[in-house]
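Position in the sequence shown (from 1) plus 175 gives the number in the numbering used here. Okay, so here's the structure we're looking at.
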Amino acid sequence: MSATTASGQENLAATATATASNARDGYAPANAVDGVISDESRWLSHSGRKAWLLMDLGVPKRVTVAHVFTGYQDASAVRSFDLEYRSEDGWELIPGGRVRGNSQTRLVVEFTHPVSTSAVRFVNRDPSQVARVREIALYEDASVAIGTGLADRSRGNRPEIDPTRHLVVVNQVGYQTSWPKRFTAPLSPDGALFAIRESNNERSLFRGVVRNGLGDFTGFRPADGDVEFLIEVSGKGLKSAVSDPFSIREDLYQEQFWQAAVDFMIDSRSVVGTHPSAYGGSAWRDGTYYDFVVPSLVLLYLSDPEFVESMPKQLDWHYDKKRILSKDFQFDAKTPHSDGVLDAARGYYADLEPPHPGAPDVIKLIHWGLGYYLLKPTSKDPSGDPEPWKVQGQTVEQFAFLLWAWPRLELDRWLDKSFYDRCQAFVSKHWEESGLLENSKWWDPATYQSVSDLMGPNPMGGYLHPYKGRHAPGHSILPNLLMYEVTNRSGLPNSERYLHAAQKQTEWLIKNIDWNDPRSTKGHRMSEHKTVPGLVWFLQNYPDHAPPDLPGFIEKWAQVAVSRSNNMWDFRRFDLDEHWTIPKLNEPGNLAGFPACALSASWVVKDPELVKRLRQLAVAQFDNLFGRNPMQAAAPGHPENGFRLVERGWPKLYPKNVCARIELCRGALCASPGSEMYPLDIDGKFRHPEGWVNFNAAWNVGLAYFAWDQYGRAPFHNGKTRIRTDR
């Protein structure tokens with residue numbers, strides 16, 4: 176990095192030696208003078224302590240102005256600080272160097288009088304605020320424009336767009352042969368031509384025409400092979416352009432995504448995964464009572480048991496036991512809700528019968544999750560949730576999926592019957608008392624925040640209901656149906672109460688939930704898949720018991736989803752007014768879980784055009800995750816960890832060693848474009864780029880529903896019920 180601007184002005188701080196009063200791990204003082212403006216390369220102080228950053232220039236130099244870059248993303252600027260200089264008498268305030276009430280993350284501090292000094296010191300004057308300093312540049316010439324000569328990565332590595340050339344945006348991983356296949360050409364006029372060819376061959380294999388910024392090549396069905404394909408768009412007065420390479424294979428999702436999905440759940444386990452911590456205190460780091468991890472793994476296994484059982488086996492229960500029970504094991508208890516976590520993890524290995532050594536990793540993960548909750552059933556979401564610390568209903572309902580699936584998947588091959596019995600006893604004790612037989616007060620739209628409530632500077636400080644995804648309406652409908660079958664199968668008393676609860680909850684939704692209110696659909700973020708598939712499950716499994724208005728209610732959801740997706744990205748918007756995505760928040764989990772909603776709804780709606788469109792949208796949201804979006808980047812911030820076919824991962828990265836350390840996990844889905852980038856604004860603001868176990872749980876569910884639909888089966892009863900006859 177050059178230490179000078181284009182006009183030859185030297186950044187005096189570029190050659191300075193930086194030291195500080197204190198610094199967090201991974202955020203050294205040197206980061207503040209490395210010539211890079213970045214959230215990943217900054218100095219962070221500890222909160223509640225005096226903090227200063229010293230820049231030793233070596234020899235006296237004349238300094239007239241400082242460019243100070245503080246905060247995180249576009250907020251959290253350091254409010255109060257002084258710039259001091261070293262004099263013969265010690266440290267003195269630079270004339271004009273006192274800053275108070277600051278809200279700017281990019282600030283020019285021009286001195287009233289230049290100083291000649293061998294060192295400059297930045298002093299945070301508000302110890303209640305963490306000093307977040309991305310960069311400080313010092314110049315002799317006050318006319319230098321802010322940021323000049325620095326590598327400004329605070330806005331990420333954005334793509335370039337040439338308005339004289341077509342732009343071809345595809346799913347960088349690829350497409351499944353028998354499914355809808357579409358791309359976006361956002362700059363191309365109607366009538367532009369496109370041609371598909373192999374990446375190493377100029378011969379066209381398929382031709383088409385761009386309409387409304389879209390190209391459709393669903394009819395192109397090459398035989399499976401190792402070749403990659405390119406799309407070239409030309410004509411209509413623009414220079415031709417070629418897409419990223421992509422694959423087309425019949426089972427591409429399983430081949431490219433399932434292992435990454437399972438790897439993520441292996442790596443993100445609390446205590447025993449890739450970091451010895453448990454942010455949030457659940458079985459998975461950053462997990463919560465509403466994370467749906469265990470059910471998502473049950474559904475993934477159920478959708479293709481043979482494939483899951485053929486996957487590589489990585490988990491070694493005995494190795495982990497030896498490691499965790501060792502007196503030398505160092506647990507990191509500095510994250511929220513760490514109390515009792517290490518005891519639960521050690522109890523899991525000391526008190527429970529292990530899974531069979533030959534069990535698939537998915538089964539071992541299910542055993543880990545429920546085993547952990549047997550030993551530590553109480554929890555509280557650490558992110559502003561008004562719900563108290565308790566045994567949460569959405570934790571209890573996860574056990575129903577294992578109990579229901581036990582005979583279908585012949586789980587006694589892999590797990591001891593004592594584990595089933597303990598799970599059954601847990602459910603019997605906690606189901607009713609945790610409220611699963613009743614309607615939740617949080618389903619009522621009267622409890623929802625308005626969109627305007629999200630417009631403040633820090634929405635993460637609020638309870639974010641429903642936008643956090645904690646209480647998807649009707650989340651307990653499907654678990655109650657599962658328990659109805661479990662108790663019937665086992666000859667247990669009072670089985671009808673579960674069916675009656677599902678009926679009552681479904682009737683409440685039909686009466687009270689308006690799909691036209693975006694807060695009731697996409698507004699539930701990555702948890703919407705708990706609502707719509709549960710309703711479809713009820714209708715297809717128990718048609719004689721389902722409310723008579725249920726088919727129309729499901730079809731109305733489908734119609735609303737389609738009505739919000741008429742755009743060149745095939746993107747299901749939050750609303751049709753201002754917001755493409757949920758305001759403020761990061762939403763890859765919504766994209767990942769949407770296919771479960773769209774595909775399950777497609778199994779019951781009657782209109783063939785509506786079915787066709789739902790399937791297009793299901794694929795398109797996955798396409799968006801892997802590059803077919805305005806940023807032309809895939810959701811993983813680190814595609815090298817499990818996504819080998821991705822050309823460009825998400826350009827705005829989250830630090831690797833804070834919070835839940837999800838960035839240390841293979842298969843993490845980190846981010847997606849927000850409204851600021853649609854329909855095509857590559858300079859739009861980035862949303863929070865942190866991955867979340869809830870996103871990946873939703874991805875598991877989406878993958879499972881793709882598999883069910885692909886094989887023409889539904890997840891009902893024996894798993895062989897046909898869902899369509901048109902394949």
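Note that CB positions come from ideal geometry on N, CA and C, so glycine has one too.
Buried is the label assigned to T662, since at least 16 other Cβ atoms lie within 10 Å of its Cβ.
Less than 8 Å divides the Cβ of N832 from the Cβ of G201. Between the C-alpha atoms of I685 and P723 there is a straight-line separation of about 10 Å.
Runs of the alpha helix (DSSP H) spanning 4 or more residues and lying entirely within the segment 230 to 296 do not occur at all. Spanning the alpha carbons of I538 and F818 requires a straight line of approximately 23 Å.
In this chain, A312 is not harboured by any alpha helix (DSSP H); it is covered by the beta strand (DSSP E) spanning 307 to 314. Between S445 and R460 the beta-carbon gap is near 5 Å, inside 8 Å, which marks them as a contact. One thing to note: T192 has its Cβ no nearer than 8 Å to the Cβ of P235. Cβ neighbours of T359 within its own chain (closer than 7 Å, five residues either side excluded): V344, G388, L389, M743, W744, R803. Taking 8 Å as the cut-off, the Cβ atoms of L674 and Y659 count as close. For the pair of segments examined, the segment 431 to 438 was found not to touch the segment 389 to 398: the number of CB pairs separated by less than 8 Å stays below three. Counting only residues of its own chain and dropping the five nearest sequence neighbours on each side, N761 has a CB closer than 6 Å to the CB of A846, R862, H863. Between the beta-carbon of A367 and that of H341 there is about 7 Å, and that keeps the pair under the 8 Å contact cut. The segment 792 to 809 and the segment 820 to 827 touch, with three or more beta-carbon pairs separated by less than 8 Å. Comparing C-alpha distances from L789 to each of A733, F749, I757, D798 shows the shortest one belongs to A733.
In the DSSP assignment, I538 falls outside any beta strand (DSSP E) and lies within the alpha helix (DSSP H) extending over 536 to 550. In this structure, the straight-line span from the alpha carbon of L475 to that of V211 is close to 43 Å. Rounded to whole angstroms, the gap between the alpha carbons of T352 and N186 is 55 Å.
Pairing T756 with G877 gives a Cβ-Cβ distance that is not under 8 Å. Per DSSP, reduced to three states, the secondary structure at Y595 is helical. A direct Cα-to-Cα measurement between Y853 and M486 gives close to 38 Å. With respect to F728, A721 sits apart: the two C-beta atoms are not nearer than 8 Å. Per DSSP, R790 is one residue of the alpha helix (DSSP H) stretching across 783 to 800. N869 carries a helical assignment under DSSP once its states are collapsed to helix, strand and coil. Counting every other CB atom within 10 Å of its CB across the protein chains shown gives P561 a total below 16, marking it as exposed.
In this chain, the alpha helix (DSSP H) harbouring K496 covers 492 to 500.
Counting C-beta pairs with one atom in each stretch, the segment 764 to 777 and the segment 317 to 330 have fewer than three that are closer than 8 Å, which means they do not touch.
Bridge partners of Y350 according to DSSP: I423. The beta-carbon separation of A198 and W218, rounded to 6 Å, stays under the 8 Å limit for a contact. G698 sits in a helix when the DSSP states are folded into three classes.
Per DSSP, K414 is one residue of the beta strand (DSSP E) stretching across 413 to 417. Just so you know, the alpha carbons of Y260 and A306 end up roughly 19 Å apart.
Within 10 angstroms of the beta-carbon of D479 lie 16 or more other beta-carbons, which makes it buried. For A193, the uninterrupted beta strand (DSSP E) run begins and ends at 192 to 195, by DSSP. For the pair of segments examined, the segment 620 to 631 was found not to touch the segment 598 to 608: the number of CB pairs separated by less than 8 Å stays below three.
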